[in-house]
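So this note's numbering is basically just the index in the sequence shown, starting at one, shifted up by 48.
Backbone N, C-alpha and C fix where the C-beta goes; we use that ideal spot for every residue, glycine too.
Taking it in order: structure first as structure tokens, then the write-up.
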Amino acid sequence: MNILIMGPAGAGKGTMSDLILQAYDIPHISTGDMLRENVANGTELGKEAKSYMDAGKLVPDDVINAMVEKRLQEPDCQKGYLLDGFPRTLVQAKAFEEIAAKIGKPVEAVLALEVDFEILKERVTGRRVCPKCGAIYHISNFPPKVEGVCDKCGSPLKQRADDTVEKLTQRMKEYDASTKPVIDFYDEKGLVTHLDASQKPDVVFGRIKEALAKID
Ligand code: AMP
């Protein structure tokens, strides 16, 4: 099963991806998470990506394309992939057509999560993440049992540096300019399921299961 999940910051890609990977046996590959890991480990890739990420801008296409091509050839991708946050530009989408064909894993479904800006603002500024195990919380919608502490591993929770209104506004501008054309690109191929992601997670996931039943 080769799936892309798309949507602006705060649309619920992380939450839906967790549910998808529990229900289907495919790895969740988030380019944002991969980049943050590289930044945290101080790799050359991380050093190059950091200034773009801190500014809410996109990391150059060639850097991302090479990173994804390498990742998809790892053994856990044998049954497919759930790509989150990629492709994010038309250049990436076109390059990915070639990469996916080369490795024999063409895109089968695109899940497009759609939410109003006001809801995104509330979700993103209240989001807290565990830097150790990656668990995601929200200060009012999904708080941890003990304030500021991860339920799963006990580590102190953090707010992502780009989870501010200012950075969200910048990321939305990038999304409208660069990523919406990618959804149009896959729409023309008839691969996109548009989802109202302002609904409760179980409702959104129900729709996702219906869409994926068609390619299973
Ligand atoms: P995310 O966690 O998906 O919101 O990604 C966080 C940041 O990582 C973005 O604001 C970009 O700076 C960078 N990034 C993640 N995925 C990509 C991509 N496909 N192309 C370019 N930059 C990306």
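Asked	Found
Cut-off 8 Å between Cβ atoms - residues of its own chain near M82, not counting five sequence neighbours on either side	M115 and R119
Near ligand 1: K228 beta-carbon under 7 Å from a heavy atom	no
The region 117 to 136 contacting the region 220 to 240, beta-carbon criterion three pairs below 8 Å	yes
Cβ contact check for the region 88 to 98 and the region 139 to 158: 3 or more pairs under 8 Å	no
Identified DSSP bridge partners for A160	M54 and H242
Residue ranges of each beta strand (DSSP E) within the region 176 to 251, 3 or longer	184 to 186 and 240 to 244
Inter-stretch contact (C-beta, 8 Å, three-pair minimum) for the region 161 to 174 and the region 55 to 67	yes
Uninterrupted alpha helix (DSSP H) stretches inside the region 50 to 137 (no shorter than 4 residues)	61 to 71, 79 to 88, 92 to 102 and 109 to 119
Option nearest P75 by Cα separation, candidates Q121, Q247 and K248	Q121
P123 versus E117 - alpha carbon distance	13 Å
beta-carbon T79 near ligand 1 non-hydrogen atom, thresh 7 Å	yes
DSSP state of I263 mapped onto helix, strand, coil	coil
K150 - DSSP class collapsed to helix/strand/coil	helix
At least 3 beta-carbon pairs within less than 8 Å: the region 178 to 192 vs the region 157 to 165	no
Cut-off 8 Å between Cβ atoms - residues of its own chain near L239, not counting five sequence neighbours on either side	V155, E156, A157 and V158
Cβ separation of L106 and E222, assumed to be a contact under 8 Å, to the nearest whole Å	6 Å
Residues of its chain near T241, where Cβ-Cβ distance is below 6 Å and the 5 sequence neighbours each way are ignored	L159 and A259
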